[in-house]
Structure formats: structure tokens, C-alpha cells
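Take a look at the structure below.
Below, the structure is given as C-alpha cells:
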């Protein structure tokens with residue numbers, strides 16, 4: 008009945024020539040709501056504002072569509088800038104990047120500060136989705152100064168592999184008085200350092216980001232920083248710190264109740280910590296909440312690994328089939344790497360080489376060395392089963408050079424560090440492993456690529 012009334016109303020507006028005016032009023036109404044909510048999303052009072060925006064989610068998206076269709080560049084970009092943090096918290100990163108891409112593509116003048124805020128959200132969403140192919144083109148030239156301009160320049164430097172330039176552009180703003188802004192700048196600094204291969208200083212920067220988000224009271228940024236800190240702590244062998252950070256991450260995400268994406272990534276980090284029981288429980292909990300198709304697929308990919316660890320290769324194949332091949336670039340890396348590991352376990356080494364090659368080729372396009380390192384562990388396992396244990400040990404060392412440490416409780420790493428010394432002898436294993444572990448970033452990447 009309501010749909011019939013709506014259709015009739017639209018017909019009457021169109022017949023009387025008032026539809027454009029009505030759409031403009033509608034868009035202004037929801038732009039006002041979005042802009043009133045935006046500053047509150049960066050602090051401790053974010054929860055009721057997230058709930059308000061969630062209740063109006065369809066209306067907000069319709070308002071954005073109306074602005075884009077009308078060619079109203081300023082309104083479209085203002086909506087994107089205001090809603091970027093909300094979309095990020097919800098975890099639909101690929102969709103958010105597409106919406107922001109569409110808003111930024113509307114021709115017309117837009118105040119530079121508003122444009123930069125939308126660009127920053129676009130780059131963060133694209134980075135989290137692993138799809139950075141058009142990042143620089145969409146961002147366009149960065150004019151002016153200030154923390155938002157510095158953030159955008161640093162993110163573009165991260166995408167372009169210009170890590171030193173990215174770090175330099177942040178230097179003047181790392182003591183910014185606003186705690187959320189300061190924390191976000193330190194978080195991007197941590198990403199730059201980690202991708203450059205400086206895991207020690209990257210970890211320190213993550214600690215500073217955590218402190219800033221705690222002061223701000225913003226849960227999503229704090230959760231992302233803590234999860235990243237847990238990953239680096241695991242690589243360094245600091246398991247107690249990693250588990251504590253993971254536990255706090257999961258508590259924050261449950262309070263937010265929105266980001267299945269981060270909850271799945273946290274489960275993956277739990278696996279690296281050796282806590283497969285808790286990881287399985289977290290993944291099944293995500294599935295019970297009926298998230299998006301992408302999140303269901305991500306959870307199933309990880310459940311496939313858990314089944315493989317248990318020796319249930321049939322169940323692992325079933326979960327991979329349910330997950331499917333298609334998705335954003337980060338998902339495709341995870342799928343190809345998972346399919347490669349499964350193929351190694353079943354003895355289909357040709358298929359394993361094909362899948363892992365696809366995973367590597369895509370992973371190196373992203374500013375995410377731990378993801379490349381994850382593929383490297385799969386390559387080491389393939390080489391071990393191909394009768395090349397010395398090369399496998401060297402690749403394992405290179406993977407750990409990229410990630411900053413061995414993630415020694417990960418089940419795949421545990422198995423390799425048990426099997427390879429038995430095949431090579433402890434001394435020869437250590438020589439080969441250390442040869443890979445001492446490599447710099449580019450040499451480690453090249454070794455994995457050429458294997």
C-alpha cells in the first residue's frame with residue numbers, strides 16, 4: 008500500500024513539474040542530517056548517531072543518488088564527506104569507495120576542504136577494500152595545507168610506494184590538538200612504516216594511534232589500531248600483548264555492532280595467535296548475524312583454513328566452493344591463497360602453483376606486506392611438498408622478513424618450522440631461513456615472486 012501511495016505521489020509531482028524541486032528538498036534534508044551527525048562519529052558519543060544514520064541509510068543513499076543525477080557536485084561531495092566515516096564504520100568498504108568515486112566524478116566546483124575530506128574517505132575505503140587501481144586518478148591534485156591535505160598526500164604516497172615522502176608530509180601535524188585527527192595521522196604513519204618494512208617503528212606508531220583514539224573515545228579507529236597492533240605483536244612473538252589487543256578489539260566491535268569485516272580480520276589474527284577455537288566461534292557468530300554476501304564469503308574462506316588444519320579436506324573444499332571466486336582484490340588474494348594451500352594439501356601441486364601465483368600478483372599491488380607474507384608462507388609450503396626444502400626455508404624467512412616476524416603459532420608456520428628442520432637438519436634449515444630473513448623488502452618480494 009505504501010509503495011502504491013509513493014508511486015502515485017511521484018506521478019503527481021512529475022505531472023505538475025515539481026519533481027526536481029521535491030528531490031532537491033529531500034536531498035537538502037538528508038544532507039543536513041548527515042552533516043550534523045559527522046563530527047559526532049569521531050568521538051565517544053558516536054553510538055546514537057550511528058543508530059540514527061543506520062535508520063535513514065536508504066534515504067541517505069537516495070539523497071546521494073539524486074545529487075549525482077542532478078549534477079550537483081558540491082552537494083554530492085558534501086554528502087560523501089559527511090557519510091564517509093559512517094560507511095567506514097559499517098565496513099562496506101568496496102561499496103563506500105564506489106559511492107565516493109561517483110560523487111567525486113560529478114563535474115563542478117567544490118570547496119577544497121570538503122573535497123579533501125571526501126577523497127580521504129575514498130582512499131581509506133579503497134585501501135581497506137584492496138582496490139587501489141584508480142586511487143590517484145580519483146583523488147586528483149591535492150591543493151592547500153592542513154591535516155586533511157597531509158592525510159590525503161600520505162595515503163597517496165602509501166598507494167604509490169613513496170614511503171619517505173608520505174612520512175615527511177605527516178611530520179608537521181603529528182601533534183595536532185584534535186585527538187581523532189592526531190590518531191588517524193599516526194595510524195597512516197604506522198601503515199607507511201610497516202609497508203616500508205620498518206616493523207619496529209611501525210609498532211610504536213600504532214601504539215601512539217591507540218592512545219589518540221582512546222582519548223577521542225572513537226571505537227572503530229581504536230579497534231583497527233588494536234587489531235593492527237595485535238598482528239605486529241604476534242610477529243614479534245609478544246603473544247600476551249597480542250591476545251589482549253585482540254580481546255579488546257572484539258569487545259569494541261561487538262559494541263559497535265556494525266563491522267563484520269573487522270571481526271573476520273580479527274578472527275584471522277586469532278588464527279595467527281594459535282587460538283583456532285576462538286577464531287571459529289567468532290566466524291560462526293558473524294555468519295549467524297547474516298551479514299553481506301562479501302562477509303559470508305570471507306568467513307567461509309577462513310573456515311576453509313580451519314577445516315584444513317583439522318585434516319578435513321572435504322569440508323575445506325566445501326567452504327571454498329561456498330565462498331566463491333569473485334570479490335574485491337583483497338578478497339581475491341585471500342581466495343587464491345586459500346585455494347593454493349588447499350591444493351598443496353590435496354597434492355595438486357600444479358593447481359597450487361597457479362593459485363598462489365595469482366595471489367602474489369595481486370597482493371603486491373596493495374600496500375599490505377603481511378598479505379604478501381601470507382602468500383609467501385603458502386609458496387614455502389608448496390616448495391616443501393615439491394621436494395625443495397632448502398628453497399622453502401629461504402622463502403619462509405623472506406615471508407617473515409616482510410611481516411616483521413614469524414607468527415610462530417600460526418598452524419601453517421608451525422608445521423613448516425617442524426618439517427623443514429627435519430628434512431634439512433637444524434643447521435642447514437637455520438642457514439637457509441636466515442638467508443631469507445635478512446633480506447630487505449624488495450629482495451624478499453623478488454625471491455617470493457621468482458619461486
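In our numbering, the protein residues as written are 8 to 458. Ideal placement from N, C-alpha and C gives every residue a C-beta, glycine not left out.
Reference residue 79; option with closest CA among 27, 66, 50 and 101: 27
DSSP state of residue 417 mapped onto helix, strand, coil: coil
Nearest candidate by alpha-carbon position, reference residue 84, set 199, 68 and 210: 68
Where the alpha helix (DSSP H) containing residue 174 begins and where it ends: 170-177
C-alpha distance - residue 168 paired with residue 374, whole-angstrom precision: 8 angstroms
Contiguous beta strand (DSSP E) assignments of at least 3 residues, all confined to the region 250-277: none
Buried versus exposed call for residue 295 [16 or more other C-beta atoms within 10 Å across all chains shown]: exposed
The region 176-188 in contact with the region 123-142 per 3-pair CB rule at 8 angstroms: no
DSSP-derived helix/strand/coil call for residue 239: helix
Alpha carbon of residue 102 to alpha carbon of residue 335, nearest angstrom: 10 angstroms
Whether residue 75 touches residue 110 by CB criterion (8 angstroms): yes
Cβ neighbour criterion (16 or more within 10 Å) applied to residue 401: buried
Residue 275 to residue 133 span [Cα, whole Å]: 20 angstroms
Closest residue to residue 277 among 236, 406, 328 and 456 (Cα-Cα distance): 236
Neighbourhood of residue 3 by C-beta distance below 8 angstroms, restricted to the same chain and skipping five residues each side: Residue 3 lies beyond the range of the chain shown here (8 to 458); nothing can be said about it.
Start-to-end residues for the alpha helix (DSSP H) that takes in residue 95: 80-97
Contact under 8 angstroms by Cβ, residue 308 with residue 330: yes
Length-filtered (4 minimum) alpha helix (DSSP H) runs lying within the region 381-451: 396-410, 418-431 and 433-444
Limits of the unbroken alpha helix (DSSP H) element including residue 150: Counting along the chain, residue 150 falls outside any alpha helix (DSSP H), and DSSP gives it neither H nor E.
The region 436-451 contacting the region 406-418, beta-carbon criterion three pairs below 8 angstroms: yes
Helix, strand or coil at residue 225 [DSSP, three-state]: coil
Where residue 291 falls, given that 16 or more other Cβ within 10 Å makes a residue buried: exposed
Reduced DSSP category for residue 77 - H, G, I as helix; E, B as strand; rest coil: coil
Reference residue 441, options 457, 433, 404 and 172, closest by Cα: 404
Stretch-stretch touch, CB-based, cutoff 8 angstroms, three pairs: the region 113-122 with the region 279-289: no
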